[in-house]
Structure formats: structure tokens, C-alpha cells
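Line by line, the protein sequences are chains A and B. For the first sequence, our numbering begins at 111 and goes up steadily by one. For the second sequence, our numbering begins at 50 and goes up steadily by one. Below is one structure, written out as C-alpha cells; the observations come after it.
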Amino acid sequence: MAAVLERLNYALGHAMQTDQRVYLLGEDILDPYGGAFKVTRGLSSRFPDRVLTTPISEAAIIGICNGMAMRGLLPVAEVMFGDFVTLIADQLINHAAKFRWMYNDQVRVPVVVRAPMGGRRGYGPTHSQTLEKLFLGVPGLRVVAPNTLGDPAQLLEVAILQEVDPLLFVEHKLLYTRPMLASGQGDLVDFQIEKFGAHYPTHLLRFIGAPPAQISIATYGYNFELVRAAALQLAYEREIFTEILVFSQLSPFELSPLFDSLRRTNHLLTVEEGTHTLGWGAEVAAQSAEKLPGIRVRRAAALNLPIANSKTLEDAILPSQEKIVTLALELLAS
Amino acid sequence: MTETYDLYRTMLLIRRFEERALAEFSAGRLFGTTHAYIGEEADAAAIFAVSGLDDIVWSNHRCHGHFLAYGGPPYALAAELMGKATGLVGGRGGSQHIHWRNFYSNGIQGGITPVATGMALAQKVQKTGNLVMAFIGDGTLGEGALYESLNIAALWQLPVLFIVEDNRYAQTTPVEKGVSGSMSGRFQAFGLRTWEVDSSDVLELLPAARQAVDYVRGTVQPAALILHTYRFSAHSKGDDTRDREALLAIRANHDPLLIHAARLSYLELEQAEADITPLIESAFTRAFADPFPEFDPAGL
């Protein structure tokens, strides 16, 4: 199966081919370099007039995309490292996300901002973070993250060609080389998969022919890779079965498939790579507890620290398969 | 009517609108904030006398003058100040967040400059022949997003005119404490052709405005128009810390309406007042009678 990187590259090219209004803007995205993570490779050769390499000016890149989007174009911006989203916060929060509502529904800002996030590549404190939590809950802004279950190409093409509001598209760097999973094969052979929602789907994985699941694990993006391994370990080594909810839309929060799962399991474990405090999992847990009083909760996330360069320290700071298993056992013992 | 008369009428419309808005705030009939354009009217009158109907405008917190000179309806603006359902954006934006046709304003300093630049890119690739005008003040010269925008607008040759209205104060901070070096040099460093005028006389502003607008449209290049002016009113409502005597002297010597009125006949001046007074009265009276918006949880 194709890796996530190829699918994203295909989606950008296909969207540009399908619609002349699509433009790509970003730093170092021209061939032969093709972007820091090569997601735009080949596109400036195919569409030289619509792939625009920019100075190192993240705020202006997003601001320019906002202006283009408001006047009939479909811009896609690449923020070279997701850590740099701090530099675009004003353009996303006080401009892109506000205009439609503030101008009483008279304008649309269909801008897509792609941001490679996440650690585990030894890039240190300012090139390894998972910062999307800063943008969750911003009214008017959708935050989406691909994973290896749904097709990232479809997700990105919908975001570019069909979405009318601003969207932050979060790509974990480790996902790029991961192959897309095929239902009923490999890692998925034990699972039955159900899909909720059309554009930005949530997937529910349940063990086939197993005793009732005891925990609902909610996650997104790359962390599904860790969660899947942890769930298989819990099943094979401990005979503890789980249901896994993999979200591709992080914000606004649409948690109804999770609530249904929690009605069966009563135990919630959230898994994310952002820092633990006030994270995605905190909101998922809060909304779940409001809906289903009495559920028990644990959150797996990064420690509340910057991400270290050294691998031993980075591993200590970020969540892992082992930490997820430990938290799951602790949750059941609570 | 003559261009001389039209310029006066535009400035008078702005002056009377702003005076009425401030009076309504003082009387406690308006809520929130406003930033009056009083003293700076000649800038907007000159620029909108030479810009095109389809050109795009990005304005800031002090946007009423630009909006009225653009041709925006005083009634819908008054209703927006009041937060009425009939306001320009249904009461959601208020004084500094308005949109009508190709006119936009936002209350974040500097943030509008890349958005204006992006709109200029859209105009260029869509070959509309329109330009984008971004109004900023001396205070916004402190924002980094402006310089990112100037750099890219110049690199990509985008039809955007950056208009600096230097009213010598960023809220309460005098320009001497806020802007180092040369104002025009900041734009010229990026290769932008720059016009600079220090005048409250609309007829002195007009040639520079025309040259700048024509240059951006004709060459499809960014440019800057720097206008040194005076703000007679407080930054917003009651926050003026400036010396009262000095302010009176400025009003006496730099009032764009007084300067230009000298060129009109008594009859023309009477006619302008007779034209504007009922317009303002009707705008505010109608708007006061309008309903407030109802909150619809299902909407958006």
C-alpha cells in the first residue's frame, strides 16, 4: 500500500489539476527540493505558476492565503514545521476564522493550512512539538488530522476542494512513511471497522469475536499506530479487549461514536502527543463525563515539558505503547 | 456639480457623521467604542475621488471616513455602530469590523496587510485590473506583518497600495516614541515607489493620490502613499492626553474643511450642509428605530 506521504502528494497534485483556483504557498516547496518533507515534490514542475515559494514569513503566508481565499482562489499553505503555527495564530484566529461570522456570513475563507507536527525524529524543542491543541475550540476553524485508516488523499482533497471555511491540516511527521492499512489484513485482521461521518470520518475498531470490550481508547493521527499496538498487546497478553476510536476531525468536537462506545465500556483512555494539561484528551474526557456521568478516565499524553533532543529524554517525555498499556491497566484497576 | 464641491461634500459627510456618533456616545445612547476620523477627512476624500469603483479597500479601526468616502451607506454604518440587525454586518462587528461590497475593515493592527496583499494576488491572477488599498496608521508601522507583506508584494509585483495615515499619535504614543528612522525609507527599502504629502488640503493630496493609484494599476506594482495628517478627536472617545492649547492651534491651522471651504461659494457651503444634515439625521433616526438582532443558536 502507498505511504501517507505519497497519498498527500497525490492529493495536492490532483486538486491542482482538478481546479485551476488551487495554489500552493510555502517555504522551500519548489523542485528539486520539493519541501522540507517532500510533500510538494514534483508539483512546481507540473504547475509552475501556481506553486509559490515564499520568504520565511509565516504570518504573511497565511494572511496572503486568507486574502486569496476571500477573493475566489483556493490556497493551500505549508507551514514547514508545525512548531511555527505560533507565528500564524493571529492570521488564523483573528482573521481567517473570524471573517465569515464577523461579516455576518457574507464572506468565505476556504484556506487550508498544512502543518507537519510531532516528535520522535530528534529535532529538539522547537521542531518536534504537537501544537494543534492551541487551535482546538477556535470558533470558525476546523482542525483535521489524517491517519493510516482513512485515505489521507481523500481527506486533503475534501479540505481543499469542498471545504468553505478555514482548516488546519495536521500531519504527524512519522505518518509520512507509514503505509496505508487495508481492512482485514495485517494489523487490522483482528478488527471490525466501522466508519462514522463522510468528509472527516471517525473510525471505530472492535475486536472480532472477542468478549465485551472494557476500555474505549480515543486517539488521532500517528498515535493510532501506538494505540493499535497497545490494544493488540492488551488483547494477546492480558485478554483485555478495547474499542479504538480514531478521529480525523479534532475540532469542532463530534464525539457521538465515542459516547456510544463508552456506554458499552464505561472506561475512557485518550491518547495524544500534545502536552497533558488542557489537551485534546482533556476536552474529550470533559464532554464524555458530562454526557455519561460515572465513566472512568485516563489521559496518555506528553509530559508537560519541552521536547528534548536526546532520544532517551524524548522517549521519556512522549507517550509510548508501553505507557498506554500501563495506563489502561491502571484505569481498569481504579 | 464640480469636483471641488464633491470633495467638500465628502469631507462634510464624514465630519458630521463622526460628530453625531461622538455626541450619541456622550449622551449614552451608543455603547462600545468608536474611533473618529475628524481632522483626517481630506485623505479619504482625495483617495476615493481617484480610485475605481471595483477597487478593494482594507481599512482599520478608524474606518468610518474611508467607508463613507468609498460610498458606503451612512444608515447601515450607524445601525452597525448601534449593534442593530440592519447594520452592515448585522451587529456582529460594530464600529471597526465592517464589510460592504469591496470594503473590509478589521481591528487588528498590521494583520490586514498580508490579507490585502493576498487579495492583490487574486486580482493579478484573475486579471481584473483592480487594485487593493490598505489603510494603516503610524502606529501600525510597528507591526512585523507589515514588513513581511511589503517584501512579498514587491517580490511578486502585486497591485497593492499601502496608505499610511500618520496622524502623529498611536493612541497616546507620539510618533517620536514609536517610529524610528524614515517612514518613507521603510517602504523604499523594499523597492516600493513612495509618495509622501504633509498637508490637510485635499487639493494638495489629490495629485499624489492620483499618481499612486494610477501607478499601482498601470504597472501592477505595489506602492506606498504616506499622508501626514492630524487627528482632532481623541483616539477613541475620551482618552485624549494631548495639550489642549496645542490641539486648538492645530484645529485652527489644519482643518481640511476650513481649508477647502475657502474655495466654495457661500451658496455651495449652504447647499452641502442642507444636503448632509438630513442624511445624517435620517441615518441615525432610522437606525435607532431598528430592532436588535435576535440570537439564533442554529445559525452558523
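Ideal placement from N, C-alpha and C gives every residue a C-beta, glycine not left out. Please read all numbers here as calculations on a predicted model, not as lab measurements.
Which word fits residue i, buried or exposed, when buried means at least 16 other C-beta atoms lie within 10 angstroms of its C-beta?
{"i": "Q130 (chain A)", "result": "exposed"}
{"i": "F191 (chain A)", "result": "buried"}
{"i": "K243 (chain A)", "result": "buried"}
{"i": "R150 (chain B)", "result": "exposed"}
{"i": "P340 (chain B)", "result": "exposed"}
{"i": "K208 (chain A)", "result": "buried"}
{"i": "D193 (chain A)", "result": "buried"}
{"i": "D304 (chain B)", "result": "buried"}
{"i": "M131 (chain B)", "result": "buried"}
{"i": "I96 (chain B)", "result": "buried"}
{"i": "Y57 (chain B)", "result": "buried"}
{"i": "V274 (chain A)", "result": "exposed"}
{"i": "D288 (chain B)", "result": "exposed"}
{"i": "F344 (chain B)", "result": "exposed"}
{"i": "P429 (chain A)", "result": "buried"}
{"i": "N119 (chain A)", "result": "buried"}
{"i": "G294 (chain A)", "result": "exposed"}
{"i": "S398 (chain A)", "result": "buried"}
{"i": "Y516 (chain A)", "result": "Because chain A spans 111 through 444 in this model, residue 516 (chain A) falls outside it and cannot be assessed."}
{"i": "Q145 (chain B)", "result": "buried"}
{"i": "Q172 (chain B)", "result": "buried"}
{"i": "E116 (chain A)", "result": "buried"}
DSSP state of residue i, grouped into three classes?
{"i": "K446 (chain A)", "result": "Any question about residue 446 (chain A) goes unanswered here, given that chain A covers just 111 to 444."}
{"i": "Q359 (chain A)", "result": "strand"}
{"i": "M60 (chain B)", "result": "helix"}
{"i": "L79 (chain B)", "result": "coil"}
{"i": "I427 (chain A)", "result": "helix"}
{"i": "P289 (chain A)", "result": "strand"}
{"i": "T240 (chain A)", "result": "coil"}
{"i": "H115 (chain B)", "result": "helix"}
{"i": "T150 (chain A)", "result": "coil"}
{"i": "P185 (chain A)", "result": "strand"}
{"i": "R406 (chain A)", "result": "strand"}
{"i": "P249 (chain A)", "result": "coil"}
{"i": "G356 (chain B)", "result": "Residue coverage of chain B in this structure runs from 50 to 349, which leaves residue 356 (chain B) outside it and unanswerable."}
{"i": "F279 (chain A)", "result": "strand"}
{"i": "M227 (chain A)", "result": "strand"}
{"i": "T334 (chain B)", "result": "helix"}
{"i": "F209 (chain A)", "result": "helix"}
{"i": "I87 (chain B)", "result": "coil"}
{"i": "G107 (chain A)", "result": "The displayed coordinates of chain A run from 111 to 444. Any statement about residue 107 (chain A) would go beyond what the structure contains."}
{"i": "S198 (chain B)", "result": "helix"}
{"i": "F211 (chain B)", "result": "strand"}
Give the interface partners of residue i over in chain A, defined as CB-CB distance under 9 Å, in chain order.
{"i": "Q175 (chain B)", "result": "R181, G182, L183"}
{"i": "M131 (chain B)", "result": "Those do not exist, as M131 (chain B) stays about 15 Å from chain A at its closest Cβ, beyond 9 Å."}
{"i": "S144 (chain B)", "result": "Simply none; closest approach about 13 Å."}
{"i": "S100 (chain B)", "result": "Near S100 (chain B) there are no residues of chain A at all, since even the closest Cβ is about 17 Å away, more than 9 Å."}
Kindly list, in the order they appear in chain A, the residues whose Cβ is closer than 7 Å to that of residue i.
{"i": "H148 (chain B)", "result": "Y213, Q216, V217"}
{"i": "A171 (chain B)", "result": "G177, M178, R181, G182, L183"}
{"i": "M182 (chain B)", "result": "Under the 7 Å cutoff, chain A gives no residues; its nearest Cβ is about 13 Å from M182 (chain B)."}
{"i": "A194 (chain B)", "result": "A169, A170, G173"}
{"i": "R201 (chain B)", "result": "Note on identity: in this sequence residue 201 (chain B) is Ile, with Arg being the wrong assignment. Going along chain A in sequence order, the residues near I201 (chain B) (Cβ under 7 Å) are T164, P165, S167, A170, I174."}
{"i": "E343 (chain B)", "result": "What E343 (chain B) touches in chain A: nothing, since even the nearest Cβ is about 13 Å away."}
{"i": "E52 (chain B)", "result": "Result: empty, since nearest Cβ-Cβ is about 31 Å, beyond 7 Å."}
{"i": "S108 (chain B)", "result": "Result: empty, since nearest Cβ-Cβ is about 13 Å, beyond 7 Å."}
Residues of chain B with CB under 7 Å from residue i, in chain order?
{"i": "D200 (chain A)", "result": "I157, G160"}
{"i": "N204 (chain A)", "result": "I157, G160"}
Kindly say whether residue i, judged by its beta-carbon, lies nearer than 9 Å to any beta-carbon of chain C.
{"i": "P163 (chain B)", "result": "In the displayed structure, chain C is absent; the protein chains listed are A and B."}
Taking residue i as the query, report the chain A residues whose CB atoms sit under 8 Å from its CB, ordered along the chain.
{"i": "T166 (chain B)", "result": "A170, G173, I174, G177"}
{"i": "R141 (chain B)", "result": "W211, M212, Y213, N214"}
{"i": "V138 (chain B)", "result": "M212, Y213, N214, Q216"}
{"i": "E245 (chain B)", "result": "Within 8 Å Cβ-Cβ: nothing; E245 (chain B) doesn't reach chain A, min ~24 Å."}
{"i": "E317 (chain B)", "result": "Residues of chain A passing the Cβ test: none, with the nearest at roughly 37 Å."}
Name the residues in the segment 159 to 178 of chain A whose C-beta lies less than 7 Å from a C-beta of chain B; which are they? Within the segment 159 to 178 of chain A, the qualifying residues are T164, P165, S167, A169, A170, G173, I174, C175, N176, G177, M178.
May I have a chain-ordered list of the alpha helix (DSSP H) segments no shorter than 4 residues that lie completely inside the segment 214 to 300 of chain B? 224 to 227, 232 to 237, 251 to 268
Can you check the segment 135 to 171 of chain B for any beta strand (DSSP E) of at least 3 residues that lies completely inside it and give the ranges in chain order? 152 to 154
At 3 residues or longer, what runs of the beta strand (DSSP E) sit wholly inside the segment 311 to 398 of chain A? Counting only unbroken stretches of 3 or more residues, the beta strand (DSSP E) elements lying wholly within the segment 311 to 398 of chain A are 312 to 317, 325 to 330, 352 to 357, 359 to 361, 377 to 385, in sequence order.
Relative to chain A, which residues along the segment 67 to 94 of chain B have a C-beta separation below 7 Å, given in chain order? none
Which residue spans inside the segment 302 to 332 of chain B form an unbroken alpha helix (DSSP H) run of at least 4? 305 to 310
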